[in-house]
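Novice: For my numbering, add 24 to where a residue sits in the sequence shown, where the first one is 1.
Beta carbons are placed, not taken as given, at the ideal position from N, Cα and C, and that holds for glycine.
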Amino acid sequence: MSPTRRSTRRSLARRRVPRAAVLALLLASATACANDVPKPNWGSGLLPDHVTEQGDRIVNLWNGAWIAALAMGAVVIVLIIWAVIFHRKRRAKAELPPQVRYNLPIEIFYTVVPLVMVSVFFFFTARDGNYLQEISGKPDVKVKVEAFQWSWRFTSTVNGKTLPQVVGQPVSDYHFGPQLVLPVGKKVEFELESPDVIHSFWVPAFLFKRDVIPGLAPNNKGRFFEITTLNKPGVYAGRCAELCGVDHSRMLFSVKLVPQAEYDQYVASQSGSAQ
Ligand SMILES: [Cu+2]
Numbered sequence: 025m026s027p028t029r030r031s032t033r034r035s036l037a038r039r040r041v042p043r044a045a046v047l048a049l050l051l052a053s054a055t056a057c058a059n060d061v062p063k064p065n066w067g068s069g070l071l072p073d074h075v076t077e078q079g080d081r082i083v084n085l086w087n088g089a090w091i092a093a094l095a096m097g098a099v100v101i102v103l104i105i106w107a108v109i110f111h112r113k114r115r116a117k118a119e120l121p122p123q124v125r126y127n128l129p130i131e132i133f134y135t136v137v138p139l140v141m142v143s144v145f146f147f148f149t150a151r152d153g154n155y156l157q158e159i160s161g162k163p164d165v166k167v168k169v170e171a172f173q174w175s176w177r178f179t180s181t182v183n184g185k186t187l188p189q190v191v192g193q194p195v196s197d198y199h200f201g202p203q204l205v206l207p208v209g210k211k212v213e214f215e216l217e218s219p220d221v222i223h224s225f226w227v228p229a230f231l232f233k234r235d236v237i238p239g240l241a242p243n244n245k246g247r248f249f250e251i252t253t254l255n256k257p258g259v260y261a262g263r264c265a266e267l268c269g270v271d272h273s274r275m276l277f278s279v280k281l282v283p284q285a286e287y288d289q290y291v292a293s294q295s296g297s298a299q
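1) Relative to the alpha-carbon of aspartate 60, which residue among Gln294, Met275 and Asp288 has its alpha-carbon at the smallest distance?
2) Leaving out five residues before and five after asparagine 87 in sequence, what residues of the same chain have Cβ atoms less than 6 Å from its Cβ?
3) Where does arginine 16 sit, in a helix, a strand or coil, going by DSSP?
4) Which whole runs of the alpha helix (DSSP H) in the region 152-239 are 4 residues long or more, in chain order?
5) Hey, isoleucine 159 and glutamate 213: beta-carbon distance below 9 Å or not?
6) Hey, would you say the C-beta of alanine 171 is under 8 Å away from at least one heavy atom of ligand 1?
7) Taking C-beta to C-beta, are leucine 85 and aspartate 164 nearer than 9 Å?
8) Taking 8 Å as the cut-off, does the region 261-269 touch the region 107-118 (at least 3 CB pairs, one atom from each stretch)?
9) Does the Cβ-Cβ distance between leucine 281 and leucine 231 come in under 9 Å?
10) Could you round the C-beta distance between glutamate 217 and valine 182 to whole angstroms and report it? I think they count as a contact, below 8 Å.
11) Could you have a look at tyrosine 260 and say whether DSSP puts it in helix, strand or coil?
12) Are there any heavy atoms of ligand 1 lying less than 8 Å away from the beta-carbon of glutamate 217, as far as the coordinates show?
13) Evaluate threonine 253 with the Cβ neighbour count: other Cβ atoms within 10 Å of its Cβ, from every protein chain shown; 16 or more gives buried, anything less gives exposed.
14) In terms of DSSP beta bridges, what is glutamine 281 paired with?
15) Using the Cβ count rule (16 or more neighbours within 10 Å means buried), how would you classify aspartate 220?
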């Protein structure tokens with residue numbers, strides 16, 4: 025323990041500050057700055073509210089996996105309790121219980137059942153993973169996302185028109201980071217690119233994140249993903265989810281979902297300076 029920590033402990037003890045109060049204060053100060061942590065929603069299995077059609081699928085997969093795991097856990101716990109209560113060693117009998125081996129039906133049973141369970145998990149995971157990576161090729165908006173140390177550059181293309189780039193710099197509050205404006209109820213294709221190190225594009229409200237890896241070939245599928253936005257206008261926090269250097273934690277941005285009319289206005293206001 026360092027001398028400062030020792031003296032802090034001593035002074036706390038001298039002043040008889042209850043430990044619980046110190047802990048509460050620490051917790052309060054630790055959560056006060058995290059204004060972009062989305063609120064968990066019980067209906068979505070404690071995931072935050074989502075703003076994409078793809079999010080519906082993710083919530084279903086998440087909830088389904090939990091229900092299956094909890095059901096299996098309940099069966100196992102009941103079996104353990106049953107074995108403990110009804111098959112415990114009786115005091116009167118000191119000898120070993122009958123030793124069972126080479127029980128073919130039981131061996132087949134405990135091999136097949138886990139295989140079936142893993143296969144079911146695999147089926148739904150693969151099905152939804154493929155769905156989440158689908159790209160229609162006909163997006164309403166295309167966004168090129170460049171992640172760099174330590175912010176983001178967004179370039180939107182709408183109806184063949186490329187809007188001026190939105191470039192950010194490291195910030196401590198996502199409201200002050202670069203803002204990507206998107207219309208509600210539309211297909212948006214993202215293309216990810218990094219000139220330096222691996223970053224990760226994460227908008228918690230998309231319930232999705234994707235690593236931004238430098239040096240991928242232009243047609244590499246790992247660069248692309250597509251979402252369909254739901255009719256949920258609002259400003260949503262985004263961040264880098266891959267430790268990428270000293271200002272990684274300040275690589276914040278926001279996504280603003282607006283109704284179509286407002287988006288058209290935005291595009292018109294931007295196109296004056298478009299290339
Ligand atoms: Cu980063």
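Specialist: Answer, in terms of the structure:
1) Your numbering for residue 60 matches position 36 in the sequence shown. Nearest option by C-alpha distance: Met275.
2) As a position in the sequence shown, residue 87 is number 63, starting the count at 1. Closer than 6 Å at Cβ, skipping near neighbours: Gly69.
3) Nothing about residue 16 can be reported from this structure: the residues present for the chain run from 25 to 299 only.
4) If we require 4 residues or more, the region 152-239 turns out to have no alpha helix (DSSP H) run fully inside it.
5) Within the sequence shown, the letter at position 135 stands for residue 159. Within the sequence shown, the letter at position 189 stands for residue 213. The answer is yes: Cβ separation under 9 Å.
6) Position 147 of the sequence shown, counting from 1, holds the residue named residue 171. Yes, the beta carbon of alanine 171 sits closer than 8 Å to at least one heavy atom of ligand 1.
7) In the sequence shown, counting from the first residue as 1, residue 85 sits at position 61. In the sequence shown, counting from the first residue as 1, residue 164 sits at position 140. Not a contact, by the Cβ cut-off of 9 Å.
8) no
9) Working through the sequence shown from its first residue, we reach residue 281 at position 257. Working through the sequence shown from its first residue, we reach residue 231 at position 207. No.
10) Locating residue 217 in the sequence shown gives position 193, counting from the first residue. Locating residue 182 in the sequence shown gives position 158, counting from the first residue. So it is not a contact: roughly 19 Å between Cβ atoms.
11) Position 236 of the sequence shown holds residue 260. If DSSP states are grouped into helix, strand and coil, tyrosine 260 belongs with the strands.
12) What you label residue 217 is simply residue 193 of the sequence shown in a count that begins at 1. Checking every heavy atom of ligand 1 against the Cβ of glutamate 217, none is found closer than 8 Å.
13) Counting from 1 along the sequence shown, the entry for residue 253 is found at position 229. Classification for threonine 253: buried.
14) Locating residue 281 in the sequence shown gives position 257, counting from the first residue. Position check: residue 281 holds leucine in this sequence, whereas glutamine was assumed. Partner(s): Leu206 and Gly258.
15) Walking along the sequence shown from the start, residue 220 turns up at place 196. Exposed.
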